[in-house]
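A short write-up of the structure that comes next.
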Amino acid sequence: MARNWGKDLNKFEEFLKEIDIQKYAYLRQIKTVEQDLPRGLLPLEIFYRYYWDTTDFKDYNEVFGIYWSEKFHPYIYEFIKKYFYGCSLQFVEEGFKARLYRIWMSILTQFHFQYLWNALFTEKLISSPELDMTGIDAIVELNNIKVAFQVKKVSYRREASDRRFTKRQRAHTDIIVEVPYLVIDIEELKNKLKNPRIKESTKIKYQNALNVFDRNFIKFNNGFVIFREEYLKHIYRIILGKTKTVERGRKITYEEILIW
Numbered sequence: 000m001a002r003n004w005g006k007d008l009n010k011f012e013e014f015l016k017e018i019d020i021q022k023y024a025y026l027r028q029i030k031t032v033e034q035d036l037p038r039g040l041l042p043l044e045i046f047y048r049y050y051w052d053t054t055d056f057k058d059y060n061e062v063f064g065i066y067w068s069e070k071f072h073p074y075i076y077e078f079i080k081k082y083f084y085g086c087s088l089q090f091v092e093e094g095f096k097a098r099l100y101r102i103w104m105s106i107l108t109q110f111h112f113q114y115l116w117n118a119l120f121t122e123k124l125i126s127s128p129e130l131d132m133t134g135i136d137a138i139v140e141l142n143n144i145k146v147a148f149q150v151k152k153v154s155y156r157r158e159a160s161d162r163r164f165t166k167r168q169r170a171h172t173d174i175i176v177e178v179p180y181l182v183i184d185i186e187e188l189k190n191k192l193k194n195p196r197i198k199e200s201t202k203i204k205y206q207n208a209l210n211v212f213d214r215n216f217i218k219f220n221n222g223f224v225i226f227r228e229e230y231l232k233h234i235y236r237i238i239l240g241k242t243k244t245v246e247r248g249r250k251i252t253y254e255e256i257l258i259w
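In numbering that gives the first Met the number 0, the protein residues as written are 0 to 259.
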């Protein structure tokens, strides 16, 4: 049965609104598990199971409990022996919980882009843990060209674009589009605009960042940020224009999507 993407989008957005981000704020300060996670310890399959393949959306505590239960034998146990021998299980579990929380918040943002895209456009994108592990968030076919998306967090300072296009990615797609997701502290920038000691040229940059954010994103009361419909329509138009001339194996960088 075909999914009702509009209905699923509404349900997902209601779920995002209810996340108690403050409850988990302490996890952002914990960085004890920073090693590269082997494939068996990646949470992608579990996150896709509950937030993309189905709409059985779980609170973070619940989904982490599922991860810990499913992965403990043998994967977490072997990881502990290698990196945390002699440490308490509680210490290691807290480190994993913090590490996975950052992944969880990032992938929920990615999934919102995907839900919104499939609700808006006839050309439906596909997404899976296997694709995700190649560095591709989702793929859609437009004008007979396979287009891959990478949702990329950027700040008003602008980060360097990653122009790599790996062999594994070439096996799945013709071009890659970086989708910029602007992360700013709105109140901080507004306060800086009122500061007489800050140069006017710098204030212009701050105001431009705020304007770009308001046009393209929505911030819920709990702090979670989602994409606006008009932003995705803008991305869609850019891709349609680029696919007429772009060479296969090229990346459309985030600077070509959002200009400020």
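Glycine included, each C-beta is placed from N, C-alpha and C at the ideal position.
My output table needs one value for Ala147: the three-state DSSP class, helix, strand or coil.
Sequence index remark: in the sequence shown, residue 147 carries index 148 (1-based). In this structure, Ala147 counts as strand in the three-state DSSP scheme.
Under three-state DSSP, which class holds Val176?
Numbered from 1 along the sequence shown, position 177 holds the residue referred to as residue 176. Of the three classes helix, strand and coil, the one that applies to Val176 here is strand, per DSSP.
Give the secondary structure of Phe226 by DSSP, where H, G and I count as helix, E and B as strand, and everything else as coil.
Working through the sequence shown from its first residue, we reach residue 226 at position 227. Three-state result, Phe226: strand.
Can Phe112 and Val150 be called in contact, C-beta distance under 8 Å?
Here residue 112 is taken as the residue at index 113 of the sequence shown, counted from 1. Here residue 150 is taken as the residue at index 151 of the sequence shown, counted from 1. Yes, the Cβ-Cβ distance between Phe112 and Val150 is below 8 Å.
Given that a residue counts as buried once 16 or more other Cβ atoms are within 10 Å of its Cβ, and exposed if not, what is Leu181?
Position 182 of the sequence shown, counting from 1, holds the residue named residue 181. By the neighbour-count rule (16 or more Cβ atoms within 10 Å), Leu181 is buried.
Return the CA-CA distance between Thr121 and Arg38, expressed in angstroms with no decimal places.
For the purposes of this step, residue 121 is taken as residue 122 along the sequence shown, with counting starting at 1. For the purposes of this step, residue 38 is taken as residue 39 along the sequence shown, with counting starting at 1. Straight through space, the alpha carbons of Arg38 and Thr121 are spaced by roughly 34 Å.
Considering only DSSP beta bridges, list what Leu239 is partnered with.
Taking the first residue of the sequence shown as 1, we reach residue 239 at position 240. Leu239 is not bridged to any residue.
Helix, strand or coil at Val245 [DSSP, three-state]
The sequence position of residue 245 within the sequence shown is 246, counting from 1. Correct three-state label for Val245: coil.
Run of the beta strand (DSSP E) containing Leu99, from where it starts to where it stops
In the sequence shown, residue 99 corresponds to position 100, counting from 1. Here Leu99 belongs to no beta strand (DSSP E); instead the alpha helix (DSSP H) covers 88 to 119.
How big is the Cα-Cα spacing for Ile258 and Lys166?
The sequence position of residue 258 within the sequence shown is 259, counting from 1. The sequence position of residue 166 within the sequence shown is 167, counting from 1. Roughly 29 Å separates the two Cα atoms.
Out of Gln21, Leu26, Pro179, which has the shortest C-alpha to C-alpha gap to Arg101?
Residue numbering aside, residue 101 sits at position 102 when the sequence shown is read from its first letter. Each of Gln21, Leu26, Pro179 was checked against the Cα of Arg101, and the nearest Cα belongs to Leu26.
Own chain partners of Tyr323 with C-beta closer than 7 Å, once the 5 adjacent residues on each side are dropped
Residue numbering for the chain in the displayed model covers 0 to 259; residue 323 lies beyond these limits and cannot be assessed.
Relative to the alpha-carbon of Val146, which residue among Gln21, Glu17, Ile251 has its alpha-carbon at the smallest distance?
As a first step, residue 146 must be located in the sequence shown, where it is residue number 147. Residue Ile251 is the option with its Cα nearest to Val146.
Tell me whether Ile197 is buried or exposed, calling it buried when 16 or more other Cβ atoms sit within 10 Å of its Cβ.
Taking the sequence shown and counting its residues from 1, one reaches residue 197 at position 198. Classification for Ile197: exposed.
So, using beta-carbon positions, are Leu280 and Asn117 closer together than 8 Å?
Any answer about residue 280 is impossible in this case: the structure gives the chain only from 0 up to 259.
Cβ-Cβ separation, Lys16 to Phe219 (assumed contact under 8 Å), whole Å
What you label residue 219 is simply residue 220 of the sequence shown in a count that begins at 1. What you label residue 16 is simply residue 17 of the sequence shown in a count that begins at 1. The pair is a contact, with the Cβ atoms about 5 Å apart (cut-off 8 Å).
Measure the CB-CB distance between Val178 and Ile238 and report whether it falls below 8 Å.
Here residue 178 refers to the residue found at position 179 when the sequence shown is read from its first residue. Here residue 238 refers to the residue found at position 239 when the sequence shown is read from its first residue. Not closer than 8 Å, so no.
Contacting residues, own chain, Cβ-Cβ under 6 Å from Ala97 (five flanking each side not counted):
As a working mapping, residue 97 is identified with position 98 in the sequence shown. The residues are Leu26, Ile29.
How close, in whole Å, do the beta carbons of Tyr66 and Lys57 come, if the pair is a contact with beta carbons under 8 Å?
As a first step, residue 66 is located in the sequence shown; it is residue number 67 there, counting from the start. As a first step, residue 57 is located in the sequence shown; it is residue number 58 there, counting from the start. Not quite, the Cβ-Cβ distance comes to about 10 Å (not below 8 Å), so this is no contact.
Take Val91 as the anchor and find which of Ile175, Leu119, Ser105, Ile75 has the nearest alpha-carbon.
Taking the first residue of the sequence shown as 1, we reach residue 91 at position 92. In terms of CA proximity to Val91, Ile75 leads the group Ile175, Leu119, Ser105, Ile75.
How big is the Cα-Cα spacing for Arg247 and Glu129?
Within the sequence shown, residue 247 is the residue found at index 248, counting from 1. Within the sequence shown, residue 129 is the residue found at index 130, counting from 1. Cα-Cα distance, rounded: 22 Å.
Which first and last residues belong to the alpha helix (DSSP H) in which Ile45 is found?
Locating residue 45 in the sequence shown gives position 46, counting from the first residue. First-last of the alpha helix (DSSP H) with Ile45: 43 to 50.
Where do the N-terminal and C-terminal ends of the beta strand (DSSP E) with Leu209 fall, by residue?
Along the sequence shown, one-based indexing puts residue 209 at 210. No beta strand (DSSP E) contains Leu209, which is instead part of the alpha helix (DSSP H) from 199 to 215.
Nearest-angstrom Cα separation, counted from Leu192 out to Glu44
To locate residue 44, count along the sequence shown from 1; it is residue 45. To locate residue 192, count along the sequence shown from 1; it is residue 193. In a straight line, the C-alpha of Glu44 is about 44 Å away from that of Leu192.
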